[in-house]
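Comments concern the structure below.
4 protein chains.
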Amino acid sequence: MFQSFVEVRGYELDSFNHVNNAVYLNYFEHARWEIMKEKGLIDFFRKSGNFLVVVETHIKYIREIKLFDKLVINTSIGREDPYLIFHHEMLQSGSNKKVSKATVKTLLLDETRTPIDMPQEILMMLNE
Amino acid sequence: MFQSFVEVRGYELDSFNHVNNAVYLNYFEHARWEIMKEKGLIDFFRKSGNFLVVVETHIKYIREIKLFDKLVINTSIGREDPYLIFHHEMLQSGSNKKVSKATVKTLLLDETRTPIDMPQEILMMLNE
Amino acid sequence: MFQSFVEVRGYELDSFNHVNNAVYLNYFEHARWEIMKEKGLIDFFRKSGNFLVVVETHIKYIREIKLFDKLVINTSIGREDPYLIFHHEMLQSGSNKKVSKATVKTLLLDETRTPIDMPQEILMMLNE
Amino acid sequence: MFQSFVEVRGYELDSFNHVNNAVYLNYFEHARWEIMKEKGLIDFFRKSGNFLVVVETHIKYIREIKLFDKLVINTSIGREDPYLIFHHEMLQSGSNKKVSKATVKTLLLDETRTPIDMPQEILMMLNE
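See the structure below:
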């Protein structure tokens, strides 16, 4: 399991004074970027020309988050061929209250944007 | 059924040169704002102090969208007490190819942020 | 002079219920994208590998803009070697009240990110 | 002088693979939010009904910033009645290279959105 940390910024609040729905998606995306960086996948993708695209997202908003809230995002990764599935949970730091959870289904595309099987190499990099 | 129109703007592209996942959510949210405006619900909410929150979103990304693409968003509204459900479809204008679809589950909160039943009045305003 | 049109979207409002400062920059950037599209510069840049970067922005916020406001952006382009300067004005459609103005100084970079003189070709494309 | 810290997130990159111009404004805004929080001004504004609006921004983009760059924002505050002026500098953490600087002119509005003089209280809170 991977952990990422974000803090809510003032400009991320919407007209109801809470964090806009789309910003949660940004936070979860940030968590995936951190994983890819940590596992060397950003370089791997750059060299191979392959890249992951999101094909489906399912997100639950459980609790509203507020200005300056510190959040922890826990991510685990599963596989349902040909998909790589990211399971994210967002918790309030400290209280550990769950504020959101999301399932993000991704697919690997090659340079011609054709879906390809997940190379063994990627799975090994993620499991290291 | 309601129709909204958006055109992809240059600053909405991400580092892969396509529209970021979270931007799709923004477009769907825009469609809901337009419906609420058209049906007089923005004023209604302002007066009553009630407001709709999104509790769950399920979105499929079917086709990538590009700079200056013109998009049509078709929205229909269903009810599963106590939820109001928005069913969105996003199509490329012209080709009519489907690029995304989403189901957005919303709940009505009162001023104290307590969930309340959907007033008959709102349902009537939406069906007019 | 070029004209662009934008309409304020619900998700662009901030916690004070008006359009966030950074969104004005987005609108002005949108105007520049439209000019570049209209003048064939997007393809030109893609082929040449050159691209414009913003090196300085000066923006005045004159009047707040609200949800669903329709805005007109008037843009004229000047030259102060080696810079290309965009002068933007944002007006409320209908009332014609000025809501913002901005000066955006841009510089052309080649593929190695070195500043280069503005090719005569670009200036001609913009003046056509 | 105040210091804030931000790290560039993956979803903040644009189609040229660098951080979009408007995002710099967001980072500077974040720095101002942190100052207001630290100085107790967020509560002060909430109670008084007064709030600061940005009337002018002048920003220089000196160096491009990249994914995962860690940035330091140094802010000092000046006064030119009736304005409160924020002077921001953004540096790459570590190298200490300057990447951007901005001057942000703000004005205090009361509940009726009328400009008012900066109360002595605010100036004292900021100087503590």
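Residue numbers (this note's numbering), protein chains in the order written: chain B, -12 to 115; chain A, -12 to 115; chain H, -12 to 115; chain X, -12 to 115. No residue lacks a Cβ here, since even glycine has one placed at the ideal position from N, Cα and C. The structure presented is a predicted model; accordingly, all values stated were derived computationally and were not measured.
Endpoints, the alpha helix (DSSP H) within which residue i is located
i	result
Leu110/H	107 to 114
Gln48/A	Just to set this straight, residue 48/A is Tyr in the shown sequence, not Gln. That residue, Tyr48/A, is in no alpha helix (DSSP H); its beta strand (DSSP E) goes 38 to 48.
Asn13/A	8 to 25
Lys34/B	28 to 35
Beta carbon of residue i nearer than 8 angstroms to that of residue j
i	j	result
Asp1/A	Tyr14/X	no
Thr90/A	Tyr70/A	no
Ile29/H	Ser87/H	no
His17/H	Val(-7)/H	yes
Ser63/A	His74/A	yes
Ile36/B	Asp97/B	In the sequence under discussion, the amino acid at residue 36/B is Gly, which differs from the Ile named in the question. Yes.
Ser80/A	Lys57/A	yes
Glu115/A	Lys26/A	yes
Glu76/X	Lys85/X	yes
Val42/B	Gln(-10)/B	no
Val(-5)/X	Phe55/X	yes
Pro102/H	Leu95/H	yes
Phe3/H	Phe38/X	yes
First through last residue of the beta strand (DSSP E) which encompasses residue i
i	result
Met77/B	70 to 79
Ile60/B	57 to 67
Phe(-11)/B	-11 to -6
Thr90/X	85 to 96
For residue i, the nearest candidate out of the options (CA to CA)
i	options	result
Lys47/B	Ala9/B, Ser(-9)/B, Asn37/B	Ala9/B
Met(-12)/B	Asn4/B, Leu12/B, Arg19/B, Tyr11/B	Arg19/B
Gly65/B	Ile109/B, Phe38/B, Asn4/B	Ile109/B
Glu21/B	Asn61/B, Glu67/B, Gln107/B, Asp68/B	Asn61/B
Glu51/X	Leu78/X, Thr99/X, Phe31/X	Leu78/X
Glu111/A	Leu12/A, Phe31/A, Tyr11/A	The amino acid at residue 111/A is misidentified as Glu; the sequence shows Met. Measuring from the Cα of Met111/A, the nearest candidate turns out to be Phe31/A.
Gln107/B	Asp68/B, Tyr11/B, Arg100/B, Lys34/B	Asp68/B
Exercise. Report the residues of the segment 23 to 55 of chain B with a CB closer than 7 angstroms to any CB of chain X, ordered along the chain.
Key: Of all residues in the segment 23 to 55 of chain B, the ones placed with a Cβ closer than 7 angstroms to any Cβ belonging to chain X are Lys24, Phe55, in chain order.
Self-check item: Residues, ordered as in the chain, of the segment -11 to 9 of chain B that lie near chain X by beta-carbon distance below 7 angstroms
Solution: Taking 7 angstroms as the Cβ-Cβ cut-off against chain X, the residues of the segment -11 to 9 of chain B that qualify are Arg(-4), Gly(-3), Tyr(-2).
Self-check item: Contact list for the segment 85 to 114 of chain B against chain X, Cβ threshold 7 angstroms
Solution: Cβ contacts with chain X come from no residue of the segment 85 to 114 of chain B.
Practice problem: Determine which residues of the segment 62 to 87 of chain B have a Cβ less than 8 angstroms from any Cβ of chain A, and write them out in chain order. | Solution: The residues in question: there are none.
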